[in-house]
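Below is one structure, written out as structure tokens; the observations come after it.
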Amino acid sequence: MADERYPIERVRDIGIIAHIDAGKTTVTERILFYTGISHKIGEVHEGEAVMDWMDQERERGITITAAATTCFWTPRAIDDNKEEKYRINILDTPGHVDFTAEVERSLRVLDGGAVIFDGVAGVEPQSETVWHQADKYNVPRICFINKLDRLGASFTRSLDSILERLTKDALPIVLPIGLESEFSGLVDLFERKAFGFDGEHGEKVVERDIPANMKEEVEKYRAALIERVVEHDDKLLAAYLAGEEPSVRELQRVLRSATIAGKIVPVLCGAALSNKGVQFLLDAVIRYLPSPLDVPSVEGDNPKTTQREQRKPEDDEPFAGLAFKVATDPFVGQLTYCRIYSGKLKRGTYVLNSSSGDTERIGRILRMHANDREEVEEMYPGDIAGLVGLKATTTGDTLCDTEHPIVLERVFFPEPVIAMRIEPKTKADQERMGIALKRLAEEDPTFRLVTDQETGETIIAGMGELHLEIIVDRMFREFKVEANVGRPQVAYKETIRTTAEAEGKYIRQTGGRGQYGHVWLKVEPRERGQGFEFVNAIRGGVVPQEYIPPVEKGVKEALDRGIMAGYPVVDVNVTLYDGSYHDVDSSEAAFKIAGSLAVQEACKRARPVLLEPIMKVEVISPENFLGDVTGDLAARRSHIENLGERAMVKVISAKTPLAEMFGYATQLRSMTQGRGSYTMEFDHYAEVPDNIASTIIEGKKSGK
Ligand code: GDP
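Going by full-length UniProt numbering, the sequence shown runs without a break in its numbering and finishes at 704.
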């Protein structure tokens, strides 16, 4: 397959967005089949789907990685007009709320979305969540009501649930012929033509007659569709009102701009599993979803001037792209996925990682297909590049022309808020575990690895329960590590509230050579997030220079071990200002211990306090459950900040301690009859109220 250049207006960067189980994998897999990338129909339950190549995704039936796949499609010709071939880059979006950051990042790099629904269940809570996230990023969408072949499937009921819960602008452009086991084809409303899907895998789209009993229904839906479409174009509207029938081409053109403007959401339907309707979805992706030219140019900050700048999707603009995923690839090792927004990216050249300040060499550029990769020399705006050889680039970094720096996205990695102990079963596991966790941490900036200083145990920390569960799972499968894991725990921290001083003395004189370390330290609180700072204010050599680094080390280790309850102490300034030494007995070890003793004592005097992660929580609920939802949030020590409205639902924004959010998903579901949904992300650390802190400290002491 030669890498052909496609003019940018013939490129689509889209995501397939769906609730778990709606059929995203099956739809994607059929797309790859019909577009000729995969040559075999592999069904999900047979474990052959091309996109889901990570084992545990297959087993959980959810897609975690935001991999990209390119494919090509020529839409069906209308009235014998020749159609061109298009390139579609499919960006895989994670479907689970625990991966909010990843969902949001993938929504950022795609230009349009195809949202898949289960034709029996209709809109499900998580489709609501993702829908509202897509609203936030103004992502133009089309809908595909899938599984119409299932018992209990209903096109109209599913459509109504979209209209009621998501958007009043949903507008069907096809109708199904038959339902459940009778589902056999589609009527295209613009064309007023019926189609069936022949061939072993439904690959042949053949025209057939509109069933006589559907004619009335078709006319009704068609009239409604045309009426809504012509509203968006003055000329067409005038002609239509004058009794002129607009051409299919004109209607498609106006529907395209209305969809891109977010004013209409075209609705299609089918049954991916029984090979019906996916070709129409592909046609609609091309006809109605934007090319990179149709969306606003990307903006960012010039780090030199701090001015806001724009990059147009043109070859002769300076290169700018966003690294949206770093993955370990079974064939090439570390692979960085980059969406190119402007300029050309050439193999062998150097680019600036404006987020980290590093210069990176582009070793190889790959075009990613579902099951192979193609090496290319150069890529262009709108392309999705798989880059090999980048050393210092992580998810969210901007890559750009070295002469024209721009930062597209502020890099912000949330602090991990949940931690879990993990213990290898054997010595051999221990070694493999070290390698595995290090590799996984490189891929995922929100995942951290720490060693408990006291027990030597490994603690993994991340963004949510599922996040850690999946990491552990990958460790088992990909790295064959056997380990026992503990219960997930909130990652508390400690800090101090006032300034205090203390002395640390480590003096032993027991014949022979003794030990002598002696320091005076002052501790002061720093602003939240400022971290640890050590200041050496020793004058006149009362503590010799060579013993100062050991003091700092002792201080640092003691702070990491915690003062009140074994959580790391953060945001303190420690000043070493006095002490003494002994010519013979002083040693680095003795000063390290003295530093540690002094800082522990000083912190105890400085009104230490426990800090807890506070989450920014966004709850989406239908209006009739609002009272219960806000009442429950209040009982969870929430600070409710805003009550908003978004396309037919209430949006409650709150700040809530993470410790109160365990089990929230279940509670919210039962309070809202399954219709409420929420997302949460870390916001800041705040002091734990005293009464709650004492319970936590007690619990920690008793080893719970
Ligand atoms: P995902 O979780 O959204 O990726 O959904 P999958 O593609 O894994 O589909 C979930 C389940 O629904 C699988 O058992 C599929 O075989 C089944 N499925 C997907 N599409 C259809 C369809 O059109 N009709 C029927 N009857 N089942 C489907």
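Backbone N, C-alpha and C define an ideal beta-carbon position, used for all residues, glycine too. Everything numeric in this text was worked out from a predicted model, so none of it was measured.
Could you tell me which of the options sits nearest to residue i, measuring between CA atoms?
| i | options | result |
| --- | --- | --- |
| ARG637 | ASN624, VAL651, GLY644, PRO613 | PRO613 |
| GLY464 | ALA238, ARG477, GLU478, VAL490 | VAL490 |
| residue 718 | ARG448, TYR492, GLU457 | Nothing can be reported for residue 718, as the shown portion of the chain is limited to 1 through 704. |
| ILE422 | VAL254, ASP452, THR328 | ASP452 |
| PRO544 | TYR567, LEU576, GLY529, GLU557 | LEU576 |
| GLN310 | ILE362, GLU219, PRO405, CYS269 | PRO405 |
| LYS85 | GLU191, ALA242, ILE286, LEU107 | ILE286 |
| PHE195 | GLY36, LYS220, GLN279 | GLN279 |
| LYS263 | TYR288, THR446, VAL248, LEU658 | TYR288 |
| GLU588 | GLU546, GLY566, LEU408 | GLU546 |
| LYS204 | GLU457, TYR34, GLN430, SER342 | TYR34 |
| ARG108 | THR455, HIS467, LEU521, GLY396 | GLY396 |
| MET541 | ASP578, PRO318, GLU245, THR630 | The sequence given here places Gly at residue 541; Met does not occur at that position. Ranking the options by Cα distance to GLY541, first place goes to ASP578. |
| ILE78 | GLY122, ASP585, ALA284 | ALA284 |
Would you decide whether residue i is buried or exposed? Buried here means 16 or more other CB atoms lie within 10 Å of its CB.
| i | result |
| --- | --- |
| ARG350 | Here residue 350 is Tyr; the residue named in the question, Arg, does not match the sequence. Result: exposed. |
| ASP690 | exposed |
| ARG12 | buried |
| PRO7 | exposed |
| ARG30 | buried |
| GLU533 | exposed |
| ALA242 | exposed |
| ILE496 | buried |
| GLU124 | buried |
| SER158 | buried |
| ILE538 | buried |
| GLN509 | exposed |
| PRO246 | buried |
| THR305 | exposed |
With a threshold of 8 Å (Cβ to nearest heavy atom), would residue i be considered close to ligand 1?
| i | result |
| --- | --- |
| ILE20 | yes |
| ARG637 | no |
| GLY185 | no |
| LYS438 | no |
| THR93 | no |
| VAL27 | yes |
| ILE116 | yes |
| ALA121 | no |
| SER274 | yes |
| LEU148 | yes |
| GLY23 | yes |
| ALA271 | yes |
Taking the straight line between their C-alpha atoms, what separation do you get for residue i and residue j?
| i | j | result |
| --- | --- | --- |
| ILE459 | PRO416 | 12 Å |
| LEU225 | SER677 | 31 Å |
| ILE210 | LEU282 | 22 Å |
| GLY152 | SER621 | 26 Å |
| ALA320 | HIS132 | 28 Å |
| ILE173 | ILE14 | 20 Å |
| LEU293 | GLU9 | 6 Å |
| ALA18 | LYS276 | 18 Å |
| THR328 | ASP21 | 26 Å |
| ARG373 | PHE331 | 9 Å |
| PHE479 | ASP92 | 24 Å |
| GLU645 | GLY300 | 29 Å |
| TYR685 | LEU611 | 6 Å |
| ASP316 | MET379 | 13 Å |
| ARG249 | CYS269 | 21 Å |
| VAL376 | LYS391 | 20 Å |
| ALA606 | GLU501 | 8 Å |
| VAL519 | GLY595 | 7 Å |
What residue range is occupied by the uninterrupted beta strand (DSSP E) comprising residue i?
| i | result |
| --- | --- |
| ARG311 | 308–311 |
| SER677 | 677–687 |
| MET420 | 418–424 |
| SER158 | No beta strand (DSSP E) holds SER158; the alpha helix (DSSP H) holding it covers 155–165. |
| LYS505 | 500–508 |
Cβ-heavy atom distance between residue i and ligand 2 below 8 Å?
| i | result |
| --- | --- |
| ILE14 | Because ligand 2 does not appear in the structure shown, any question about it cannot be addressed here, the ligands present being ligand 1. |
In the DSSP assignment, find the unbroken alpha helix (DSSP H) run with residue i in it and report its ends.
| i | result |
| --- | --- |
| MET671 | 664–671 |
| PRO172 | Where PRO172 is concerned, there is no enclosing alpha helix (DSSP H), although the beta strand (DSSP E) it sits in stretches over 170–172. |
| PRO622 | That residue, PRO622, is in no alpha helix (DSSP H); it is neither H nor E in DSSP. |
| GLY631 | 626–635 |
| PHE331 | PHE331 -> no alpha helix (DSSP H), and no H or E assigned at all. |
| LYS556 | 548–561 |
| VAL584 | VAL584 -> no alpha helix (DSSP H), and no H or E assigned at all. |
| SER257 | 248–260 |
| HIS467 | 465–479 |
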